[in-house]
Each structure stands twice: as C-alpha cells, then as structure tokens.
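Read the structure below first, then the notes.
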Amino acid sequence: ADSLSYTEIQQATDIPSSDLKRNLQSLACVKGKAVLRKEPMSKEISEEDVFHFNEKFTSKLVKVKIGTVAAQKESEPEKQETRHKVEEDRKPQIEAAIVRIMKARRQLEHNNVIAEVTKQLSQRFMSNPSVIKKRIESLIDREFLERDKNDGRIYRYLA
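Going by my numbering, the first residue of the sequence shown is number 11, and it counts up by one from there.
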C-alpha cells in the first residue's frame, strides 16, 4: 500500500495518540522537510488523515534531522497528577534525611530539624517545611522518633 491512514498507523505501532500525532506532524507538516504527505493538507492531525511518502522530498545530507513538534501543555488534571506523584516519590527521601540527621544528633529542636533537612535536600529539590513536619509526624507514629516529655519542640531519635 502506498498510503496509510492515521488509524492504521496507530494500530500497527500502538504509539499513544498524543505522541503519534506530534510525530506525524513533525514528518508531514514541517515546510521543506516533509518526509510524508498528508491528506487533507493542514497543520492538525486527525484520525481521518491519510499519509503517503513524499516522492518530492530530497536532502543533500545523508542523515536527515527531523525536529519534533513541541508537546502540548499538560492539562490541569495531568499537572495535579504529576505533582502528586512527585510528592509521593519525595516522601522516602525526606524521611531518610530526617532519620540520618536524628541518628547523628540523637536529639534536636524542631526548627533545626527543618533547617537541616532543607539544607540536605536542597541539591535535589526545595522541600516544604509543612511536608517535612508531616514526615516527622509519620516517623513519630512509626516510633523512629519521639517528642521530649518536657519540651514538645524537641525530637529524640529512637534506635
């Protein structure tokens, strides 16, 4: 077959729709570098489009560089999902930093724990003090740390 429909390409490659559209756009819609011809001619890729090899395509180069069209911005739900995944991935890193610090110091005041954890993780990411506090609470619940009986702002490491 000299031509393939969008649907045929999608079924044959199993590439996610957003990626396939972006890559077909790069191959068919870039002026002067269109390796494929698309019917109907337009910038947008739809599921009814049909693609042919562009017989008129030539290049002086042996290797042809084809830049991909930039991905669409993440939608709000996708942004929230990504943010949630990142926060979940950071929890163990934050807890590990707290435990390392408390193991070395044995006993430390709340603000100093926050400051040291923030400093230790600053190379990787900016940690939020409220998230650190939640991780401290989680470590207290799981009996890695305890609060001082006389001063609630001081934490003790439990071996």
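Where is the CB? At the ideal position from N, CA and C, for every residue including glycine.
All figures in this text were calculated on a predicted structure; none of them were measured in a lab.
Residue closest to residue i, alpha-carbon to alpha-carbon, out of the options
i    : options               : result
K113 : S132, C39, K53, L149  : L149
I124 : V141, P26, K31        : V141
L118 : K144, G162, M51       : G162
E65  : D12, S137, E156, Q133 : D12
K31  : V74, K48, K41         : K48
F135 : I25, V96, K53, P87    : V96
Collapsed DSSP secondary structure at residue i in the structure displayed
i    : result
Q90  : helix
R100 : helix
K48  : strand
R134 : coil
S140 : helix
S69  : coil
According to DSSP, residues forming a beta bridge with residue i
i    : result
I164 : E119
S13  : H62
R110 : Partner(s): none; R110 has no beta bridge.
E156 : R166
Distance between residue j and residue i (C-alpha atoms, nearest Å)
i    : j    : result
E58  : I146 : 55 Å
Q21  : S69  : 30 Å
R186 : E91  : Outside the displayed span of the chain (11 to 169) sits residue 186, for which this structure offers no information.
Y167 : N160 : 16 Å
Cβ neighbour criterion (16 or more within 10 Å) applied to residue i
i    : result
L37  : buried
V127 : buried
I108 : buried
Residue-chain proximity (residue i, chain B), Cβ-Cβ < 8 Å
i    : result
Q117 : The structure shown contains no chain B, having only a single protein chain.
Residue i CB to nearest heavy atom of the ligand COA below 7 Å
i   : result
S56 : By its list of ligands, the structure shown contains no ligand whatsoever, and the ligand COA lies outside what it can speak to.
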